[in-house]
Amino acid sequence: MGLVLGLLKKLFKAGVCFLVFAALIILIPNIPPYTSFTRITLEPPQPLTGPLAPNGALDNAEKLFIDKVLGPEAFQLYKGEVYTSLATGEIVKLTPGGHVTFVTKIGQPCTGIKQEHICGRPLGFVFDEKNNQMYVADAYHGIWKIDLKTDKKQLLVSPNVEIKGRTPKLFNHVALDGLGNLYWTDSTSDFKLKDGAMSMLSDPSGRLFKYNAITNTSTVLLDNLWFPNGVIVSPDDQFLVIAETFAHRLLKYYISGPKKGKSEVFASGLPGAPDNLRALPDGSGMLVGMPITYDDENPHLSHSLAAAPYVRKFLARIQRLIEIPFEFLNSYYPHFVFEDIVYRIGHFDSLSNIITNPSGLLQLDWNGNIIVSYYNKDGSVGFISDGIVFNDKLYLGRPHAQNFVGSVPAPPLLKKAFSGKPSPGKQEPSKTAKAPTPKEQPKVQEAVKVTTPKPTTPKAPETDKVTSPKTATAPKASEPAKVTTPKPVKEPKVVADSKPKVEASKPTTQPPKATPPTTQQPPKKASTQDKPTVPLPKAQEKNNAPKPTQEPPKAQSAQVQKPKSDDKVKTTTTKPSQNKATGSTNQKPTPQAQKSGSGSSPKVQKQSQQNIPKNDKKAAPQQIPIKEDIPSDTIKPSKENLKVIKKEGPTEIPNPNL
Numbered sequence: 001m002g003l004v005l006g007l008l009k010k011l012f013k014a015g016v017c018f019l020v021f022a023a024l025i026i027l028i029p030n031i032p033p034y035t036s037f038t039r040i041t042l043e044p045p046q047p048l049t050g051p052l053a054p055n056g057a058l059d060n061a062e063k064l065f066i067d068k069v070l071g072p073e074a075f076q077l078y079k080g081e082v083y084t085s086l087a088t089g090e091i092v093k094l095t096p097g098g099h100v101t102f103v104t105k106i107g108q109p110c111t112g113i114k115q116e117h118i119c120g121r122p123l124g125f126v127f128d129e130k131n132n133q134m135y136v137a138d139a140y141h142g143i144w145k146i147d148l149k150t151d152k153k154q155l156l157v158s159p160n161v162e163i164k165g166r167t168p169k170l171f172n173h174v175a176l177d178g179l180g181n182l183y184w185t186d187s188t189s190d191f192k193l194k195d196g197a198m199s200m201l202s203d204p205s206g207r208l209f210k211y212n213a214i215t216n217t218s219t220v221l222l223d224n225l226w227f228p229n230g231v232i233v234s235p236d237d238q239f240l241v242i243a244e245t246f247a248h249r250l251l252k253y254y255i256s257g258p259k260k261g262k263s264e265v266f267a268s269g270l271p272g273a274p275d276n277l278r279a280l281p282d283g284s285g286m287l288v289g290m291p292i293t294y295d296d297e298n299p300h301l302s303h304s305l306a307a308a309p310y311v312r313k314f315l316a317r318i319q320r321l322i323e324i325p326f327e328f329l330n331s332y333y334p335h336f337v338f339e340d341i342v343y344r345i346g347h348f349d350s351l352s353n354i355i356t357n358p359s360g361l362l363q364l365d366w367n368g369n370i371i372v373s374y375y376n377k378d379g380s381v382g383f384i385s386d387g388i389v390f391n392d393k394l395y396l397g398r399p400h401a402q403n404f405v406g407s408v409p410a411p412p413l414l415k416k417a418f419s420g421k422p423s424p425g426k427q428e429p430s431k432t433a434k435a436p437t438p439k440e441q442p443k444v445q446e447a448v449k450v451t452t453p454k455p456t457t458p459k460a461p462e463t464d465k466v467t468s469p470k471t472a473t474a475p476k477a478s479e480p481a482k483v484t485t486p487k488p489v490k491e492p493k494v495v496a497d498s499k500p501k502v503e504a505s506k507p508t509t510q511p512p513k514a515t516p517p518t519t520q521q522p523p524k525k526a527s528t529q530d531k532p533t534v535p536l537p538k539a540q541e542k543n544n545a546p547k548p549t550q551e552p553p554k555a556q557s558a559q560v561q562k563p564k565s566d567d568k569v570k571t572t573t574t575k576p577s578q579n580k581a582t583g584s585t586n587q588k589p590t591p592q593a594q595k596s597g598s599g600s601s602p603k604v605q606k607q608s609q610q611n612i613p614k615n616d617k618k619a620a621p622q623q624i625p626i627k628e629d630i631p632s633d634t635i636k637p638s639k640e641n642l643k644v645i646k647k648e649g650p651t652e653i654p655n656p657n658l
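Count the sequence shown with UniProt numbering and you get residues 1 to 658, in order.
Here you go:
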């Protein structure tokens, strides 16, 4: 008896000491965490009968993408391909062949998931298919908008800016309605994701927001939610459905109609903690992920402790008091051991390894009625947060401690629901393929504006151009050198009557540049066009006057490429695009030019023939840079079509309103 009494006394003393210690922890003020603890009343769970009856629909899951992903939290379909967000801070694309393609990353490079506050943790994301954009809710870095073509990122909601007196701490999910309005959830205003387990013990502090892109502000729609998680929009854009994880229910918030701004319970007493929500493509309802399920024999911790605020306060303070010393040591003496302890004390990852309750999915209609449930009992996939049907397979995600994507054959109801949506990816690529073609054509035309209109006229009118100076240039050869400026105005009129004004207006602007010297103007025009003609003698200026008159058309830069003589310049002006292949054709008009010169004066022939070797020597070095300029303009459009995705930090677009 003495031994038994001794043990009882020791137990009694230990109990009294524990009660005193617990009372001190509970009653002493200013002990973290700094939040409130009150009594919370929850509805009892629905009985596991009928559509909620346990089953093994998700058992024997196949493991896909092993060691290529870590912690696939949520899935989305975009252009017929599956995307998922990872615990390493990346959003990747999954292909049926087993390939994983990097898409984007919000945070900075880090050593592992223990530093997820650095590398980021994207939880929810949604695609804007019309604008080729993606909205991401990163638990640590806020709400971001990403251009899928350029990977440019813009911060919409900062984690450092207060909204109505409280700073968002855990950005969870986003949703877009038909008008492009953005809705997002902040699971708690008291804890970061690394201490998310403490939010299960504290009072509700989550909120639902609506983001206004015009004013760059967020409006609070609902407050004091117990860890709001996934959010979706109804097909008619009348209301939102929000998952309140630790309250084990779904809420409805009206965004239009007569009940706009009001909320009500959509479905309560769920047999688990709802996580991500997904609107079924055929509009029949939604799919709800349940990382943890429970029943009367296996109750959930949050459900059991909801009515015991002092117990929750004690557990939260003890947890925080244990964590603080390791945070202090890790801040002054960084070490992976301290870092790992700090990560595991308050993170959901620790709970997922301890809790062995089954997980599953629920399928509901838009009236809140449960249609069917899917469970995984064998543990092949645990802590299921989301599911999506792709290629007749149901992909299952888990946010923690899973290095693969679970896969089971799609149940008939889900297969039917996901087959109701046409694949959006077949039409959009064709649009993107057609888009660059019109871009390439105007760039080529802008680069060489003259080459397009003039190759059509020069072949036949070459004789006209040669004959025209016989009538027009003969009297002007006797005129002073100043008269050479209007000559380009008359010659294009003879070449083509449909476009004389355009050709006349442009050469008139060019000759005045060379007009200051009265006697040497024609060679200076050739210098702007055929720079080698500058040293020509003064006697040749009058005879060379008809030559620049054919040169001033628009493609002056292109004319210099292969005019080896003054006579060739006449022909090359009309054929700038054929410089490479028309070396022989440029020599044919030379005798025609000589005939025209013989009709006017024999001196013109001699002077034109004397200029041929001079122009050949001086125009040769100018051909090389001009040939390089024209193809460089045609190559640029092909480079713009290329897209290189670099695995780097965010290329952030600054938001001046933050």
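Just so you know, even glycine gets a beta-carbon here, dropped at the ideal spot from N, CA and C.
Do residue i and residue j have their C-beta atoms closer together than 8 Å?
i: serine 205; j: serine 189; result: yes
i: alanine 61; j: serine 407; result: yes
i: leucine 58; j: glycine 360; result: yes
i: glutamine 238; j: tyrosine 253; result: no
i: arginine 121; j: alanine 87; result: yes
i: proline 54; j: tyrosine 375; result: yes
i: isoleucine 318; j: proline 51; result: no
i: valine 231; j: isoleucine 242; result: yes
i: leucine 364; j: glycine 269; result: no
i: proline 346; j: aspartate 195; result: Just to set this straight, residue 346 is glycine in the shown sequence, not proline. Their beta carbons are under 8 Å apart, which means glycine 346 touches aspartate 195 by this criterion.
i: glutamate 81; j: threonine 104; result: no
i: alanine 307; j: threonine 41; result: yes
Over what stretch of residues does the beta strand (DSSP E) that includes residue i continue unbroken?
i: histidine 173; result: 171 to 176
i: leucine 123; result: 122 to 128
i: tyrosine 343; result: Note, tyrosine 343: premise wrong, no beta strand (DSSP E); alpha helix (DSSP H) at 336 to 346.
i: proline 228; result: 228 to 233
i: leucine 251; result: 249 to 254
i: isoleucine 242; result: 239 to 244
Would you kindly work out how many angstroms separate the C-alpha atoms of residue i and residue j, rounded to a whole number?
i: leucine 221; j: asparagine 229; result: 15 Å
i: isoleucine 384; j: glycine 6; result: 50 Å
i: phenylalanine 12; j: isoleucine 322; result: 26 Å
i: proline 159; j: histidine 141; result: 6 Å
i: isoleucine 113; j: isoleucine 355; result: 20 Å
i: aspartate 186; j: isoleucine 388; result: 24 Å
i: asparagine 353; j: methionine 200; result: 16 Å
i: leucine 225; j: lysine 145; result: 25 Å
i: alanine 14; j: alanine 22; result: 12 Å
i: tyrosine 135; j: glycine 261; result: 24 Å
i: leucine 250; j: serine 263; result: 11 Å
i: glycine 379; j: glutamine 402; result: 12 Å
i: isoleucine 341; j: cysteine 110; result: 17 Å
i: isoleucine 106; j: asparagine 298; result: 38 Å
i: leucine 182; j: valine 372; result: 30 Å
i: glutamate 327; j: methionine 198; result: 16 Å
i: glycine 257; j: leucine 179; result: 15 Å
i: serine 350; j: alanine 316; result: 15 Å
i: cysteine 119; j: valine 265; result: 36 Å
Considering only C-alpha positions, which residue in the set the options is nearest to residue i?
i: isoleucine 295; options: Asp340, Ser263, His248 and Phe209; result: For clarity, residue 295 is aspartate in the given sequence; the question names isoleucine instead. With distances taken between Cα atoms, aspartate 295 lies closest to His248.
i: threonine 84; options: Phe418, Val405, Gln238 and Gly269; result: Val405
i: phenylalanine 314; options: Asp186, Val103, Ile31 and Gly2; result: Ile31
i: valine 161; options: Cys119, Leu123, Asn181 and Asn216; result: Asn216
i: asparagine 131; options: Leu42, Asp147, Gly285 and Gly124; result: Asp147
i: asparagine 391; options: Asn367, Ser419, Leu364 and Val372; result: Ser419
i: arginine 207; options: Met198, Arg166 and Pro235; result: Arg166
i: valine 126; options: Ile118, Thr356, Ile143 and Gln115; result: Ile143
i: valine 69; options: Glu81, Leu52 and Gly89; result: Gly89
i: alanine 279; options: Asp236, Leu301 and Thr35; result: Asp236
i: aspartate 177; options: Ile28, Met290, Asp128 and Val288; result: Asp128
i: proline 411; options: Thr38, Val20 and Gly56; result: Gly56
i: threonine 245; options: Phe209, Pro291 and Ile26; result: Pro291
i: aspartate 275; options: Ala316, Gln46, Thr293 and Tyr34; result: Thr293
i: glycine 277; options: Gly368, Lys192 and Phe336; result: A small correction: the amino acid at residue 277 is leucine; glycine does not occupy that position in the sequence shown. Looking at the Cα atoms, Gly368 is the closest of the given residues.
i: leucine 64; options: Val92, Arg39, His99 and Ser36; result: His99
Which residues bound the alpha helix (DSSP H) around residue i?
i: alanine 417; result: 412 to 419
i: isoleucine 25; result: 2 to 27
i: glutamine 326; result: What sits at residue 326 in the sequence shown is phenylalanine, not glutamine. Residues 309 to 332.
i: leucine 179; result: From DSSP, leucine 179 is part of no alpha helix (DSSP H); its letter is neither H nor E.
- Task: Would you be able to state if there are at least three C-beta pairs under 8 Å between the region 71 to 87 and the region 395 to 406?
- Result: Touching, per the Cβ criterion.
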